[in-house]
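Enquirer:
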Amino acid sequence: MKKILFVITKANWGGAQRYVFDLATAAHARGHEVVVAYGQPGLLEKKLLAANINTFPILSLKRDVSFGADIKSFFELYRLFKKEQPDVVHLNSSKAGGVGALAARLAGVPNIIFTAHGWAFNENRNSIARALLWIMSWATALLVTRVICVSEYELRLAKRMPSVAKKAVRIYNGIDLTMHFGSGEVIRHSFPAGVTITGTVGELTYNKNHRALIEEAKNNPDMYVAIVGDGELQGELQELITKHNLETRVKLLGFIPSSEAMKGFDRFSLPSIKEGLGYVILEARAAGLPITANRVGGVGEALDNDMSEFSLDKMVEKTLVLYER
0 MKKILFVITK ANWGGAQRYV FDLATAAHAR GHEVVVAYGQ PGLLEKKLLA
50 ANINTFPILS LKRDVSFGAD IKSFFELYRL FKKEQPDVVH LNSSKAGGVG
100 ALAARLAGVP NIIFTAHGWA FNENRNSIAR ALLWIMSWAT ALLVTRVICV
150 SEYELRLAKR MPSVAKKAVR IYNGIDLTMH FGSGEVIRHS FPAGVTITGT
200 VGELTYNKNH RALIEEAKNN PDMYVAIVGD GELQGELQEL ITKHNLETRV
250 KLLGFIPSSE AMKGFDRFSL PSIKEGLGYV ILEARAAGLP ITANRVGGVG
300 EALDNDMSEF SLDKMVEKTL VLYER
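Numbering that gives the first Met the number 0 numbers the first residue of the sequence shown as 0 and each following residue consecutively.
1) Leaving out the 5 sequence neighbours to the left and right, which residues in its chain are closer than 7 Å to residue 260 when beta-carbon positions are compared?
2) Do residue 270 and residue 219 have their beta-carbon atoms positioned less than 7 Å apart in this structure?
3) Thinking just about the alpha-carbon of each residue, which of 213, 275, 34 is nearest to the one in residue 147?
4) Could you tell me whether the Cβ atoms of residue 3 and residue 26 are closer together than 7 Å?
5) Pick out the complete beta strand (DSSP E) segments inside the stretch 246-285, 3 residues or longer, and give them in chain order.
6) Applying the 10 Å Cβ sphere with the 16-neighbour rule, what's the burial state of residue 70?
7) State buried or exposed for residue 130, treating a residue as buried only when at least 16 other CB atoms are found within 10 Å of its CB.
8) By Cβ distance, which residues of its chain are closer than 7 Å to residue 77, with the 5 residues on each side in sequence left out?
9) May I have the straight-line CA-CA distance separating residue 124 from residue 14, to the nearest angstrom?
10) With a CB to CB cut of under 7 Å and the five nearest residues on each side skipped, what residues in its chain are close to residue 46?
11) So, helix, strand or coil for residue 50, using DSSP?
12) Return helix, strand or coil for residue 218, following the three-state DSSP convention.
13) Are residue 163 and residue 90 touching if we call contact CB-CB under 7 Å?
14) Assign residue 44 to one of three DSSP states: helix, strand, or coil.
15) By DSSP, does residue 162 sit in helix, in strand, or in coil?
16) If you follow the beta strand (DSSP E) that residue 139 is in, where does it begin and where does it stop?
17) Nearest-angstrom Cα distance between residue 264 and residue 167?
18) Comparing alpha-carbon positions, which option in 309, 286, 18, 36 lies nearest residue 180?
19) Any idea what DSSP makes of residue 70, helix, strand or coil?
20) List the whole-angstrom C-beta distance separating residue 297 from residue 150, where the pair is believed to meet the contact cut-off of C-beta under 8 Å.
21) Cα-Cα, which of 210, 22, 279 is closest to residue 30?
22) Name, in chain order, the residues that DSSP records as bridge partners for residue 89.
23) Rounded to a whole number of angstroms, what is the C-alpha to C-alpha distance between residue 61 and residue 38?
24) Can you tell me whether residue 172 is buried or exposed? The criterion is at least 16 other CB atoms within 10 Å of its CB, across all chains shown.
Next comes the structure, spelled out in structure tokens:
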């Protein structure tokens, strides 16, 4: 059995956090010793503790660049790796990847894995920032043993990096294809009876592009929108809804498990401007919803491939093979 230490920057609940939870609990169930280190606390931490998974906070590990905090998180991770002596370190998110890869390499961790949930250099930034992020991503990829890409699109970007192609592999995100969906009543009760509800699920961040749905509703008086999720842009989005007098037709409903929300929608929309391979679009397909989505990142693959490609069991088994190196 292996000792596996996962690292993720934020412990809220989003796609990367769900990925870590699924792999951590699957590895734990198979007898591996599992530890999850995280930066900012949140629902992931609570779910891991409920599943009897050991957790370790690295509070200096934050998403935003901060030289002092980044140096501190590097040394905290280095000390954690030396203390725990894991066989495998599995890094998730750009910041955890960059800081954690160097710390793990210097600590002598034999197997270091980084999952690219969506390359940061592919975000809508100025050319200098994108160039710096590409260099940082490349450095991370060079330091680790294997790079997991969650879509063929992300894999193609990885293979363009010198000396990275041979260590990069595509493993699709996976869901339980027999999952149960709730009634969606919590969504339905938020809107007048009989209306057609366009729904979306995701963290309220710039990349998720919720503004596009609000603007669409502004121009379509028959459109009702349920936005499920919370995040840093909640206040800004609510102001936009209020500005356009859309409070009765566009609702920010906060965090609701996607499995409880999906059946409350009549159609699903994913307006993201950047995606790796979102779990929610797989769940929308499994729920049988009509889908409108920007075909960015791996979204096209999630829409076009047979659902059997996206089974949780397949994702887990392919990843556990990499842990056995």
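We treat Cβ as the ideally placed atom computed from N, Cα and C, and that holds for glycine.
Expert: Short version:
1) Here residue 260 refers to the residue found at position 261 of the sequence shown. Within the same chain, residue 260 has close Cβ partners 183, 186, 198, 200, 227.
2) Reading the sequence shown from its first residue, position 220 is the one you call residue 219. Reading the sequence shown from its first residue, position 271 is the one you call residue 270. No. Outside cutoff.
3) Stepping through the sequence shown from its first residue, residue 147 is reached at position 148. Measuring from the Cα of residue 147, the nearest candidate turns out to be 275.
4) If you number the sequence shown from 1, residue 3 lands on position 4. If you number the sequence shown from 1, residue 26 lands on position 27. The answer is yes: Cβ separation under 7 Å.
5) 249-251, 266-269
6) The count along the sequence shown starts at 1 and reaches residue 70 at position 71. The residue in question, residue 70, is exposed, as its Cβ has fewer than 16 Cβ neighbours within 10 Å.
7) The residue you call residue 130 lines up with position 131 of the sequence shown. Result: exposed.
8) Here residue 77 is taken as the residue at index 78 of the sequence shown, counted from 1. 102, 105, 106, listed in sequence order.
9) Locating residue 124 in the sequence shown gives position 125, where the first residue counts as 1. Locating residue 14 in the sequence shown gives position 15, where the first residue counts as 1. If I take the Cα positions, the gap works out to 22 Å.
10) Along the sequence shown, one-based indexing puts residue 46 at 47. Once the five neighbours on either side are set aside, the close Cβ partners of residue 46 are 20.
11) Taking the sequence shown and counting its residues from 1, the one referred to as residue 50 is at position 51. Reduced to three states, the DSSP call for residue 50 is coil.
12) As a first step, residue 218 must be located in the sequence shown, where it is residue number 219. Three-state DSSP puts residue 218 in coil, outside helix and strand.
13) Within the sequence shown, the letter at position 164 stands for residue 163. Within the sequence shown, the letter at position 91 stands for residue 90. No, these two residues do not count as a Cβ contact at 7 Å.
14) Numbered from 1 along the sequence shown, position 45 holds the residue referred to as residue 44. Three-state result, residue 44: helix.
15) Translated into positions along the sequence shown, residue 162 becomes position 163. It is coil, neither helix nor strand.
16) Residue mapping note: residue 139 aligns to position 140 of the sequence shown, counting from 1. Segment 126-142 is the alpha helix (DSSP H) holding residue 139; no beta strand (DSSP E) there.
17) The sequence position of residue 264 within the sequence shown is 265, counting from 1. The sequence position of residue 167 within the sequence shown is 168, counting from 1. Their backbone Cα atoms lie some 37 Å apart in a straight line.
18) On the sequence shown, residue 180 is found 181 positions in, with the first residue counted as 1. If we check each option's Cα against that of residue 180, 286 comes out closest.
19) As a working mapping, residue 70 is identified with position 71 in the sequence shown. Three-state result, residue 70: helix.
20) For the purposes of this step, residue 297 is taken as the residue at position 298 of the sequence shown. For the purposes of this step, residue 150 is taken as the residue at position 151 of the sequence shown. Going by Cβ atoms, the distance from residue 297 to residue 150 rounds to 3 Å, so yes, they are a contact pair.
21) On the sequence shown, residue 30 is found 31 positions in, with the first residue counted as 1. Cα-wise, what sits closest to residue 30 is 22.
22) The count along the sequence shown starts at 1 and reaches residue 89 at position 90. Beta-bridge pairing links residue 89 to 5, 112.
23) Position 62 of the sequence shown, counted from the first residue, corresponds to residue 61. Position 39 of the sequence shown, counted from the first residue, corresponds to residue 38. If you take the alpha carbons of residue 61 and residue 38, they lie about 6 Å apart.
24) Residue 172 sits at position 173 when you count from the first residue of the sequence shown. Of the residues assessed, residue 172 falls on the buried side of the cut-off, its CB having 16 or more other CB atoms within 10 angstroms.
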